[in-house]
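This report concerns only the one structure given below.
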Amino acid sequence: MRILPRFTLALSLVSLPTVPLNAQSPAFDWAGLQEEATQLLSQYLRINTTNPPGNELAAARWLQQVLAKEGIEGRILDTTGIGPGRANFYARLKGNGSKKAIALVHHMDVVPVTRELWHEDPFTGVIRDGEVWGRGALDMKGHGIIQLVALIAIKRSGVPLTRDIVFIGNADEETGGLGAIAMVEKHRDLLEDVEYLLTEGADTRVEGGKVRWFGIDVGEKRPLWTRIVVQGKASHGSVPIGDQNPVPRLARAVARVAAWQTPLRLSPAVERFFQAQARGERGPGRLWLANPRAALKSPAGRAWLLSEPERNALLRNTISPTVLTGSDKTNTIPETASAELDIRLLPDEDPEAFKRQLIRVIADSQVRLEEIVPLPPRYDAPLGTELFKAIEGVVGELLPGVPVATPVSAGATDRPTYASAGIIAYGVDPYLIPIEQNRDQVHGNDERILTANIGWGVRFYATLLQRIM
Ligand SMILES: [Zn+2]
0 MRILPRFTLA
10 LSLVSLPTVP
20 LNAQSPAFDW
30 AGLQEEATQL
40 LSQYLRINTT
50 NPPGNELAAA
60 RWLQQVLAKE
70 GIEGRILDTT
80 GIGPGRANFY
90 ARLKGNGSKK
100 AIALVHHMDV
110 VPVTRELWHE
120 DPFTGVIRDG
130 EVWGRGALDM
140 KGHGIIQLVA
150 LIAIKRSGVP
160 LTRDIVFIGN
170 ADEETGGLGA
180 IAMVEKHRDL
190 LEDVEYLLTE
200 GADTRVEGGK
210 VRWFGIDVGE
220 KRPLWTRIVV
230 QGKASHGSVP
240 IGDQNPVPRL
250 ARAVARVAAW
260 QTPLRLSPAV
270 ERFFQAQARG
280 ERGPGRLWLA
290 NPRAALKSPA
300 GRAWLLSEPE
310 RNALLRNTIS
320 PTVLTGSDKT
330 NTIPETASAE
340 LDIRLLPDED
350 PEAFKRQLIR
360 VIADSQVRLE
370 EIVPLPPRYD
380 APLGTELFKA
390 IEGVVGELLP
400 GVPVATPVSA
410 GATDRPTYAS
420 AGIIAYGVDP
430 YLIPIEQNRD
440 QVHGNDERIL
450 TANIGWGVRF
460 YATLLQRIM
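Set out below in structure tokens:
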């Protein structure tokens, strides 16, 4: 609730009736589509796809049934191979084939919740005070419903299509990305003619009641999820055995890793991104953003740049220690203790060189490193494509005067997997969420989305899809 007053202000910028309508476009009933999308999202959020275990098959069946009512046939894929109760979902709206297809991709799984910290049940699709509550409202069932309703609106409108529109719901984006990997490895035929892909990932910035920029995300940090493990000697806690107890040894390693100030590095993409942000910035930050290279050399400039966690994460490899395991009994010294590190590498980092540095920082030969998931492929998307320009055009139409920035994402998505299949993938955020809300609710508590934002997103996607036909 704390961000609501500001947010109402931000939204008023985009919900004014003065936004010009494209004269050629068929009349879409935006208010009706918003209401429809709101109800669908509420239903979708009731399907608990917490990953693990995922349970995406239930979500896929539901999507299939929603599209069937519109005369669009959906296919449930990969019900074997990625785990029990899991699946991918795939549908295609045919165009005349004169251009290659565009894919709208979301993930059906969500991250776990800490129920006692929520003020509404995260899995009942509560609609209250103009907001839809639930795990996945922002990441990313809300986005998926926006794509779905835009697709449905385009189908109903009968607007001529030069491209097929592919709609994909993936399993397992939040852990190993197994769903997208299965799509690319087992169903290459379904993706063969896909030129472009849109999914999550971007950082569209709403701050202080203003939309400061709309992000088209063109690159991604790579998660090098690593487990550090200490081998010890299982015994009774009543008789201490010093360093043969793996727990204190692990704790020291975790403390050293957490204290490590990884080197700062400014990539050309991030430098461009910061320069785009300078336009809306007031005060000393404007100069630092306009010349981030100089800012990093000045203590004041560096402190200012790093004061924002998102900017800090774009300037360095980051490490967050997260999961800890040791004994599950107070009186038992465990055989092993381990900690999981959420490491995110800059897109151009050499993973092997980083691992060598990490070993030096831990400085304990008894601590061994294990890979938790395979490192995803490197991902950088080109600027200035037809789709890129179309997004710029829609932003100009719906958010006059708002610049388009090209951030590099600090979070991981399925885009590198699809990029490895030769598809040009961009990340967008089809709604205008204040930065504080993004930080607190995505993977946090009380995740929710304003219905006005759902409506805005449907309009964004439906307008965009018409523009690239
Ligand atoms: Zn997500």
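Heads up, the sequence shown is in numbering that gives the first Met the number 0, so the first residue is 0 and it goes up one at a time.
Even glycine gets a Cβ: it sits at the ideal position worked out from N, Cα and C.
This structure is a prediction, so every number in the text was calculated from the model and none was measured.
query: Cβ contact check for the stretch 88-108 and the stretch 151-167: 3 or more pairs under 8 Å; result: yes
query: Buried/exposed call for ILE448, threshold 16 Cβ in 10 Å; result: buried
query: C-alpha distance - ALA30 paired with PRO308, whole-angstrom precision; result: 36 Å
query: Integer Cβ distance of VAL65 from LEU39, believed to fall under 8 Å; result: 7 Å
query: GLU199 Cβ short of 7 Å to ligand 1 heavy atom set; result: yes
query: ASP138 CB to nearest heavy atom of ligand 1 below 7 Å; result: yes
query: Contained alpha helix (DSSP H) runs [length at least 4] in the stretch 191-261, N- to C-terminal order; result: 245-258
query: Whole-angstrom distance between GLY456 and PRO429, CA atom to CA atom; result: 5 Å
query: Reduced DSSP secondary structure (H/G/I, E/B, other) of LEU15; result: Confidence in LEU15 is poor, its pLDDT being 33 and thus under 50, which makes the residue's placement unreliable; the coordinate value appears in the next sentence. Coil, per DSSP.
query: Heavy atom of ligand 1 within 7 Å of GLU172 beta-carbon; result: yes
query: Distance, THR203 Cα to ILE215 Cα; result: 8 Å
query: Contact check, TRP224 vs ILE361, beta carbons under 8 Å; result: no
query: Segment limits, alpha helix (DSSP H) that includes GLU130; result: That residue, GLU130, is in no alpha helix (DSSP H); its beta strand (DSSP E) goes 130-132.
query: Burial state of LEU20 (16 or more Cβ within 10 Å); result: Only weak support exists for where LEU20 lies, its pLDDT of 46 falling under 50; the value from the coordinates is given anyway. LEU20 comes out exposed.
query: Beta-carbon gap between ARG377 and PRO406 smaller than 8 Å; result: no
query: Through-space distance from ALA461 to GLY469, alpha-carbon basis; result: Since the first residue shown for the chain is 0 and the last is 468, residue 469 is missing from the structure and cannot be characterised.
query: GLY325, buried or exposed, once every other Cβ within 10 Å from all chains shown has been counted against 16; result: buried
query: Beta-carbon contacts of VAL112 that lie in its chain and below 6 Å, excluding the five residues immediately before and after; result: PRO121, ARG134
query: PHE273: first and last residue of the uninterrupted alpha helix (DSSP H) it sits in; result: 267-277
query: Separation of THR123 from THR450, as counted between CA atoms; result: 16 Å
query: Rounded C-alpha distance that separates PRO52 from ARG251; result: 32 Å
query: Any non-hydrogen atom of ligand 1 within 7 Å of HIS118 CB; result: no
query: Proximity of TYR43 and LYS140 at Cβ, strictly below 8 Å; result: yes
query: Range of the contiguous beta strand (DSSP E) that encloses PRO320; result: 317-324
query: GLY456 - DSSP class collapsed to helix/strand/coil; result: helix
query: Classification of ARG1 by the beta-carbon crowding that lies within 10 angstroms, buried from 16 upward; result: Confidence in ARG1 is poor, its pLDDT being 20 and thus under 50, which makes the residue's placement too unreliable to answer from.
query: Among LEU147, PRO350, ILE46, MET182, nearest to ALA418 - alpha-carbon criterion; result: MET182
query: Segment limits, beta strand (DSSP E) that includes VAL109; result: Segment: none, VAL109 is in no beta strand (DSSP E) and carries neither H nor E.
query: Inter-stretch contact (C-beta, 8 Å, three-pair minimum) for the stretch 189-209 and the stretch 223-239; result: no
query: Three-state secondary structure assigned by DSSP to PRO291; result: helix
query: Heavy atom of ligand 1 within 7 Å of HIS106 beta-carbon; result: yes
query: Per-residue burial, HIS118 [other beta carbons within 10 Å of its own, 16 or more giving buried]; result: exposed
query: Burial state of SER41, where buried means 16 or more other Cβ atoms lie within 10 Å; result: buried
query: Secondary structure of TYR43, DSSP reduced to three states; result: helix
query: Among ASP379, LEU137, ALA57, the one whose alpha carbon lies nearest that of SER408; result: ASP379
query: Nearest-angstrom Cα separation, counted from GLU130 out to LYS209; result: 20 Å
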